[in-house]
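My numbering applies: residue 26 is where the sequence shown begins, and numbers increase by one.
Note that beta-carbon positions come from the ideal geometry of N, C-alpha and C, so glycine has one too.
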Amino acid sequence: MAEIRNFSIIAHIDHGKSTLADRMLEQTKTVEARLMKEQVLDSMELERERGITIKMQPARMVYRRPASSSASLRPSPASVTVSEHTSPSSDSSRLAAQAPDTGKQTNEYILNLIDTPGHIDFSYEVSRALNAVEGVLLLVDSTQGVQAQTLTTLQMAKDHGLTIIPVLSKIDVPHARIKEVGDEIINLLGCSREDIMLASGKTGQGVPELLEAICERVPPPSNKPTDTYRGLIFDFEYSNHRGIIVYQRVVDGFVKKGDALEFAASGKKFTALEVGILAPQEVPVASLGSGEIGYIVTGIKEPGVAGVGDTLRPEKSSAEPLPGYQEAPPVVWSSVFPASQDDFTMLRQALDRLRLSDSSLSYEEESSGILGRGFRCGFLGMLHMEIVTERLRREFDIEIIITAPSISYEITWPDGKVEEIYAATRFPNHGDRVEVREPWILGQIILPGDYMGNIMTLLYEHEGSVIDTKIFGDGRTLLAIEMPLRELMRGFFDKLKNTSSGYASLSYEIAEMRPASVTRMDIFVAEELIPAFSRVVGVIHAETEAKAVTEKLYQTLPRQQFATKIQAMVMGKLTATKKLSALRKDVTAKLYGGDITRKMKLRENQKRGKKKMLERGTGNVHIPPEVFMKMMRNEE
Ligand SMILES: Nc1nc2c(ncn2[C@@H]2O[C@H](COP(=O)(O)OP(=O)(O)OP(=O)(O)O)[C@@H](O)[C@H]2O)c(=O)[nH]1
Ligand SMILES: [Mg+2]
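Put into structure tokens, the structure is as follows:
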């Protein structure tokens, strides 16, 4: 039996996780050369377009250690271990003791890698991946140094008690600062310089040593092959033909094709139609044993019977369910409506399917007078919201209308009733005597000293303040900050990047609720209230926001048959007005623009007898779905 090592790659966004994974897949000959492409594990269309990882991706590699390394095991440098229950030194001594007896067999290692996303909106993916592994490669870009998400992901790995192998990445870059960034890592982990691995995902340099370090330092999974099978579900996929495909880590026993299984939480039963490994594509195998990571085809077509963190076990067995995952509470909400009410059922199906591969998405049905039936959706951040709405359009071909995003507010009405409100349209009107509370965040910003002035101004503009400052070494500063979540969502992240030439990084967590000075802003087009554009704004920003929104809508809205007023109303007053002139007939085609495939799709939709969106309820104004999409986004 081969030795197994399960590990995950974690880091700040763009520090080279997926590229380093490429080189590992290549050097272990897991992916054929002709199929190799950059960031091969980023298989989703949106991941490739944006150059970021959105979903975690497991990949199994078979690694043959060079004869010399298993025969005469170098004493491995003490790896950085935080856990009490996993001890890498005892592991390497165990290996050293075993190697001479088992000879060839220990030469072959199965390495299960899980690549993770770096963007903070997708950190739920990271936390789930970490439940399925014993160790991590913590990458730090040697040109950038430790960044905010390095700290957050490191903390997650520590909380899971995992073995941590620090890796300096991108060492091929001429201006790599290996010594300085190495110092930062030593400071952070309390490790020694020899513990830090050096690697380049571009040239592949350092990858052989890294593969060796994984075998030596990451402990093998504890082996309980004789116990009753239990599998920890960490992800799903959905296939039209084969139904739900479960990604699971075998914790105890083994599982094979034909086994009668059940989901512990829902009790749903099924037969394992196929069992296999992810290499990274699905490859069927006879069975998966304790410690292995792989997939099981269930054939189940109805969603909702399975959730991540649930346990798979043999039907009618009394095996205890494994401790599951904590749910990821949404940070921002928005309502999604089908542009045509005929598509309501399709939208529900699409959300059900999406949720299988994105367990952090939450939604519930709601209905609004004008927009009809739709769903109130909860997202982990603005990027998450953008990705989900984009996937609805692309993967399911549904035109949607999306309302302006909102965080949750806690309202205390005059009669003492407390209510949580997630939608601007439900927010009390001006004049209602209510108390409002809102969530604040605690954040960490790492920035080069030169940008301190800019950042302080930006923080001030977003009602934030610095609660602690630490010198970070190498001329950088770590700021502990607090700020209303509402202000963070008002494009703070992008502005932080712009104002620091991309050097500042941010991580945050939701903290306490505090009294808020906010008000509702309503938008009128042709003197008609468009509820999807209503939002809650800070009183001190109300006027600026009113101007910004009317201006953006003025730039985005196609001209109508008649001159159209765009107005923002705040605290009972019209605060900003723009006037869109009437459409001249001869320029229709140009005005509507858009690429040809989009137009063809639209025509097809019309052929299928779909109604033009939003004509009902809004009188004469025609607002195409793209406008709602653009208004949802933060960028100006
Ligand atoms: N020169 C050089 N560039 C690299 C190296 N590794 C990655 N890059 C580049 O850095 C960028 C980000 O690389 P990715 O591998 O996508 O980074 P990531 O950590 O997976 O990013 P996320 O998954 O979005 O967090 C890409 O433009 C890569 O080409 C390296 O070793 N050397
Ligand atoms: Mg990546």
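Taking a cut-off of 8 Å on C-beta distances, the stretch 63-71 does not touch the stretch 186-200, as fewer than three cross pairs fall below it. Shown here, P305 sits in coil according to DSSP, grouped into three states, outside any helix or strand. Secondary structure of K341 (DSSP, three-state): coil. Where F517 is concerned, the enclosing alpha helix (DSSP H) starts and stops at F517 to T524. In terms of side-chain proximity, the C-beta atom of I77 is found nearer than 6 Å to a non-hydrogen atom of ligand 1. Under the 10 Å beta carbon count, F587 is surrounded by fewer than 16 other beta carbons and is classified as exposed. Sixteen is the threshold: since fewer than 16 other Cβ atoms of the shown chains lie within 10 Å of the Cβ of I203, the residue is exposed.
For S542, no alpha helix (DSSP H) run applies, since DSSP gives it neither H nor E. The nearest non-hydrogen atom of ligand 1 is less than 6 Å from the C-beta of P142. Y149 carries a helical assignment under DSSP once its states are collapsed to helix, strand and coil.
Nearest C-alpha to V491 among L235, I427 and A505: A505. Annotation: the continuous beta strand (DSSP E) that includes S393 extends over S387 to S393. When secondary structure is reduced to three states using DSSP, T228 falls in the coil class, being assigned neither helix nor strand.
Across the set N454, E424, T53 and G283, the C-alpha of E424 shows the shortest separation from the C-alpha of D368. Of all C-beta pairs linking the stretch 409-421 to the stretch 519-533, fewer than three are shorter than 8 Å, placing the two stretches out of contact. K442 sits in coil when the DSSP states are folded into three classes, being neither helix nor strand. Within a 10 Å sphere around the beta-carbon of R545 sit 16 or more other beta-carbons, which makes this residue buried.
Residue K54 holds the alpha-carbon nearest to the alpha-carbon of P233 among S382, P473 and K54.
Looking at the DSSP output, K590 shares a beta bridge with K604.
Residues G226, G229 and V232 of the same chain have their beta carbon placed closer than 6 Å to that of R48, with the five preceding and five following residues left out of the count. When DSSP reads this structure, Q52 sits in no beta bridge, so it has no partner.
The stretch 538-557 makes contact with the stretch 591-606; the number of CB pairs closer than 8 Å reaches 3 or more. For A84, the uninterrupted beta strand (DSSP E) segment begins and ends at Q82 to R89. Assignment of alpha helix (DSSP H) within the stretch 218-284, counting only whole runs of 4 or more residues, yields 232-242 in chain order. Between the stretch 438-447 and the stretch 509-517 there are fewer than three C-beta pairs closer than 8 Å, too few to call the two in contact.
Annotated as distal: I471 and Q273, with beta-carbon spacing of 7 Å or more. In this structure, A601 places its C-beta atom within 7 Å of the C-beta atom of A571. Contact between L313 and V356 does not hold, since the beta-carbon distance rounds to 36 Å and is not under 8 Å. At a Cβ-Cβ threshold of 7 Å, G319 and G301 count as neighbours. For Q180, the enclosing alpha helix (DSSP H) starts and ends at A173 to D184.
Contact between the stretch 478-485 and the stretch 440-459 is absent: fewer than three C-beta pairs spanning the two stretches fall below 8 Å.
Inclusion of E262 and S382 in the CB contact set at 7 Å is warranted, their separation being smaller than that value. Following the DSSP letters along the chain, one finds L510 inside the alpha helix (DSSP H) bounded by residues L510 to L513. Relative to ligand 1, the beta carbon of Q64 is positioned inside 6 Å of a heavy atom. In the DSSP assignment, K577 falls within the alpha helix (DSSP H) that extends over A567 to T581.
Annotated as proximal: V276 and R255, with beta-carbon spacing under 7 Å.
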